[in-house]
Amino acid sequence: MANVFARRPVVITRGKGALVWDINGKEYVDCTGSYGVALIGHSHPKVVEAIQKQAEKLISCHAGFYNDMRTEFLQKLVSITPKGLNKAFLSNSGAEAVECAIKLARKFSGKPEIIAMMGAFHGKTMGALSATWDKKYREPFQPLVPEFKHVSPDNLKKVREAITDKTAAILVEPIRGEGGVRIPPEGFLQGLREICDEKNVLLIFDEVQTGFGRTGKLFACEHWGVIPDVMCLAKPVAGGLPIGVTIAKENVMSSFKVGDHSTTFSGSPLVCAAACATIEVLLEEKLVERAAALGAYFKGQLENLQSKHKIIREVRGLGLMLGVEFRFDVLNIILKAMDKGVLILDAGRNVLRFLPPLVIEKEQIGKALSVLDSVLGEEENARLLGAPSN
Ligand SMILES: Cc1ncc(COP(=O)(O)O)c(C=O)c1O
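Okay, here's the thing in structure tokens:
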């Protein structure tokens, strides 16, 4: 496999709920949720059953043909997405969902320019990468797609100044994930909506990481009562199978004509069966409410750790999308926590990110917290002795 992933020295072979096990049978509390994919838990029995049943029946069916399972999924999806977002294109990843949104914005408006935020992450294919901010991802691959610009985030004045008569869309993550779990200030997303309406520019929300209940609402935009014109989804939508969704207002999506966009795997029956089961589980098990309640508990406990460990700079997040910012690189903390049976993500160099399955148990959160407490204690001691462990 290409050497593009920063690999952790562990072989994961099994998962159930919020737990995974390595090849030696060691158990871990998975606060990475496979980068937010395992939202309803690893190998949820309903998803497993749906995949098994559908695999016996029909695995692939090109979107040039109708398929019952695809129709069922699209109906279920539209029943939960914000009002007015009712026409979708299905693909295979978050980056693809964003690519589609970019093309759609250009086609709908007849204009080329996309405004994204500094600090944003939208994926690594050429279009999505052009909207992603971090230089380390972008620079080796210049020239990128033209007519993308970045403005300083959370600043409505800067956004307004950046809009020109060539602007097709503003693309934004409602909460920046890779950028450090950053929640916008009150009024920012509402302000973006107003500016877009006033200037006749599309508003695209990238909810690849925040969507499907992660933040304690089905979609993060619901925290601020803002409905975009286009929304991108991916990670957890098909219970662990690869999927991307670009869902838009009907008049916007209708600007795509036959042949304008496609992918061979668009809406395969197998993936759609898994996605139907995922939506059912999300609603039946009330996981959105669970994310809100457990997220508030988890965040409160992390804040307690902040009072105890001065090396923590800030705790932030919504629902079960949480970030803990430090004054230094967090890789060592991640590796030590892994050793003690807890998997944690980073978000940039100095932020720990928690994206656990929403089915995580309170005791499992307890284990994650006590491991973090002990690792932070060790880290502080090492720093006091003048020998920071990284
Ligand atoms: C907000 C956001 N958009 C897009 C992507 C890209 O998704 P994928 O890795 O599935 O291409 C990610 C991935 O982390 C993401 O967090």
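Numbered by the numbering used here, the letters in the sequence shown go through residues 16 to 405 in order.
Where a beta carbon is used, it is the ideal one built from N, C-alpha and C, also for glycine.
Query                                                                                                                              : Result
Do you know offhand how far T225's Cα is from A235's?                                                                              : 6 Å
By a C-beta neighbour count over all protein chains shown, 10 Å radius and 16 as the cutoff for buried, is E201 buried or exposed? : exposed
Do D244 and F203 have their C-beta atoms closer together than 9 Å?                                                                 : no
Of all the CB atoms in chain C, is at least one closer than 9 Å to the CB of H276?                                                 : No chain C is present in this structure, which holds just one protein chain.
So for E329, helix, strand or coil by DSSP?                                                                                        : strand
Would you mind stating whether L207 and V223 have Cβ atoms separated by less than 9 Å?                                             : no
With the cut-off set at 9 Å, would you say L358 and T47 are in Cβ contact?                                                         : yes
Could you name the residues that DSSP lists as bridge partners for T261?                                                           : F104 and C247
For A21, is the classification buried or exposed, using 16 other Cβ atoms within 10 angstroms of its Cβ as the cut-off for buried? : exposed
Spell out the partners DSSP gives A131 in its beta bridges.                                                                        : H165
DSSP on K126, reduced to helix/strand/coil?                                                                                        : coil
I want to check one thing, is the minimum distance from the CB of V19 to the heavy atoms of ligand 1 below 8 Å?                    : no
What three-state label does DSSP hand A146 in the structure shown?                                                                 : helix
Determine whether the beta carbon atoms of M268 and G310 lie at a separation below 9 Å.                                            : no
What do you reckon, are the CB atoms on C291 and E87 nearer than 9 Å?                                                              : yes
Going straight from the alpha carbon of I326 to that of V296, what length do you get?                                              : 39 Å
Need the endpoints of the beta strand (DSSP E) that D45 sits in, please.                                                           : E42 to D45
Between P189, R342, F369 and E300, which lies nearest to R398 when the distance is taken from Cα to Cα?                            : R342
Hey, is the segment 250–270 in contact with the segment 97–115, meaning 3+ C-beta pairs nearer than 8 Å?                           : yes
May I ask which residues mark the beginning and end of the alpha helix (DSSP H) holding L218?                                      : Note, L218: premise wrong, no alpha helix (DSSP H); beta strand (DSSP E) at L217 to D221.
Please determine, among C211, Y152, T140 and I190, the residue with the shortest C-alpha to C-alpha distance to V174.              : C211
Going by the beta-carbon positions, is the gap between Q90 and A289 smaller than 9 Å?                                              : no
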